[in-house]
Amino acid sequence: MPPRRSHKKSRAGCRRCKNRKIKCDEVHPRCGNCAKHGVPCDFSNPDVLEELAISTNTSTESVGAPTPSPAPTVNFNSAPRTPLPRPRAPSSPARAPRPNPSPPTSVYSQPSISSSTNTIDHGERMLELRLMHHYTNVTSKTLLTNSPAAEDIWQRAVPQMAFSGNGKTYLADAILSVAALHLRSMSPNDKALVRASHAYSASSLSAFGASLGSGITPDNAEALFLTATLIAFQASASRIFVKDDGDSAPGDATSRYVPPLSWFHAFQGVKTVVANSWQWIHHSDIVKVVIDSQPGFQLNLNPRSPDSFFGHMLEGLNDELMNEDPRLLSTTTQAYSHAVSVLNWAHKNYHAAAALTFPATVSKRYVDLVDARRPRALAILACFFALLKRMDNVWWLQDVARREVMGLVSLFEPGSKWWRHLEWPIRIALLDGSSIPQDIWGTELEEQAPEQQTVGSMTQHIEIFAEMLHQHAQPPIPIADEDLIVPDSPD
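Mapping the sequence shown onto the UniProt record's numbering, position 279 (from 1) lands on 279, and the numbers just tick up by one.
Given below as structure tokens:
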């Protein structure tokens, strides 16, 4: 076993990091971990934790309807010095908050304006200008669109909608958060970008969750869809910074790997927002262009057909499910079969971005199986991340195949019967570069014929899902905590 890597202990970390027993980056006026989790930091205000405790106790004693707070904006240099209720900001920038009838309170105050000079902080203003400039000129062109029209939507129409006001600050903050993550990938040591990526993400998620809790309407449906999509990008991109943010890095021999459930929550959150708002957004020119840019979604629903590349992932399924809860037998079988069908479709699709359909379309039951560390679900997940190897040149997916596949492999004990099913994803993940020889990839890529390059099947998928939601009155998919206790290794 390799020796543990030495690290410099944090002697002057904030109290919250000390209580959680995690390394504090000691960044002032707010450490990276506190900014990431959207909670006050005693660096910015030594008395804030005591004030929070007092205000929380006071709020539990008083009974009354909550008063909605104004949509939050970000202030990096000042912290509120009045007692604040505990914010409902998410515990990770890659996670959307649970819908709540009342808007969650943000720890971010309005931009600091000096009463004597009546001027806005120059540093904050320049940072926001820098982020928006970078988004419109660079980041918007990296979101894997397959058409110039869709690229124009992300570059021009989306910022214009964010500027339109009407309280939709979550879209503007989501734009700035993605831009900050992109710049951070280029300048990982820039602490201002670290704070900005955490702060704008937390602010966006807080306001986004509040708006969802208040209900999707014709007025906010487009903005919520676009914000949910940007949050999915955040969930993917933030994974490359887990080590820098004080969390365990995938594949780190000194820590236990945890599958990135935030990917599924974020991407399926987009699908759920679309389904719940479909009655309004299917008329939207903006949304139509974005959906039309996705590869046509046409599955072979027989995952065990002779030409099924991943059909071996279903070997022994019937025997495995003999002891399954009878109430879950059908949904578990369907979850595995559908996941393998999506893998088969994406594997031979000419468009590399087709692989991202996987986290958006697999069933909630499959996500539960991953969460339960079922070996079959983890092996299928390893194949999905291997598919992303073709996009190793995309900044927010760079090296994700290697990190996640090897992290998943670390969960299997030596001699596990699943090792032969992991040979292909391991071989793909360890290749250098994003160009993969056909004999190693395992199939010839197929480009759809012109008459098939529509999204009729994707639209149909959305309409079916929307109808199911309306029939069963299901709320948006909840976002689970990532601080999970990791069970024993798969056999």
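Note that beta-carbon positions come from the ideal geometry of N, C-alpha and C, so glycine has one too.
Below 8 Å, enough C-beta pairs join the segment 424–431 and the segment 397–413 to call them touching: three or more. Here the segment 266–278 lies against the segment 218–229, with 3 or more beta-carbon pairs under 8 Å apart. If you look at PHE358, you'll find it in the alpha helix (DSSP H) that goes 357–361. Counting along the chain, no alpha helix (DSSP H) covers LYS21, and no H or E run does either.
Beta bridge pairing from DSSP links GLU444 with no other residue. With a cutoff of 8 Å on beta-carbon distance, GLY32 and VAL242 are scored as not near each other. The beta-carbon distance between ALA196 and LEU127, rounded to whole angstroms, is 6 Å. This is short enough to meet the 8 Å contact definition.
Between the segment 354–370 and the segment 197–208, the count of Cβ pairs shorter than 8 Å is below three; the stretches do not touch.
Where HIS312 is concerned, there is no enclosing alpha helix (DSSP H), because DSSP gives it neither an H nor an E. Contact between the segment 382–389 and the segment 343–356 is present, with at least three C-beta pairs closer than 8 Å. Pairing SER140 with GLN155 gives a Cβ-Cβ distance under 8 Å. A residue is called buried when at least 16 other Cβ atoms come within 10 angstroms of its Cβ; GLY209 meets this threshold and is buried. Boundaries of the alpha helix (DSSP H) harbouring ASP173: 169–186, taken from the DSSP string. Annotated as distal: CYS383 and PHE264, with beta-carbon spacing of 8 Å or more.
Residue nearest to ASN189 within the set GLU423, VAL409, GLY433 and ASP25 is ASP25 (criterion: CA-CA distance). Inclusion of SER236 and TRP396 in the CB contact set at 8 Å is warranted, their separation being smaller than that value.
Distance between GLY13 and SER187, taken at the CA atoms: about 24 Å. Ranking LEU143, HIS134 and LEU445 by CA distance to the CA of ARG184 puts HIS134 first. Under the three-state reduction of DSSP, ASN302 is assigned to coil, being neither helix nor strand.
Restricting attention to SER308, MET391 and ALA149, the CA atom closest to the CA of SER435 is found in MET391. In the DSSP annotation of this structure, the continuous segment of the alpha helix (DSSP H) that includes GLN279 starts and ends at 261–281. In this structure, PHE233 lies away from LEU176, with their beta-carbon atoms at least 8 Å apart. Under the three-state reduction of DSSP, ASN318 is assigned to helix. Assignment of beta-bridge partners to ASN349 by DSSP yields GLU446. When DSSP states are grouped into helix, strand and coil, PHE412 belongs to the coil group. Going by C-alpha positions, LEU343 is about 16 Å away from LYS364. Annotation: the continuous alpha helix (DSSP H) that includes SER211 extends over 191–214. Exclusion of the five residues before and after SER305 leaves GLY311 as the residues of its chain whose Cβ lies within less than 8 Å of its Cβ. One alpha carbon belongs to LEU230, the other to VAL178, and they sit about 7 Å apart. According to the DSSP assignment, ALA150 belongs to the alpha helix (DSSP H) that extends over 148–152. Taking the C-beta atoms as reference points, LEU314 is found no nearer than 8 Å to VAL289.
The Cβ atoms of LEU129 and PRO259 lie no closer than 8 Å to each other. Per DSSP, reduced to three states, the secondary structure at ALA386 is helical. A straight-line Cα-Cα distance of about 11 Å links VAL158 and ALA150.
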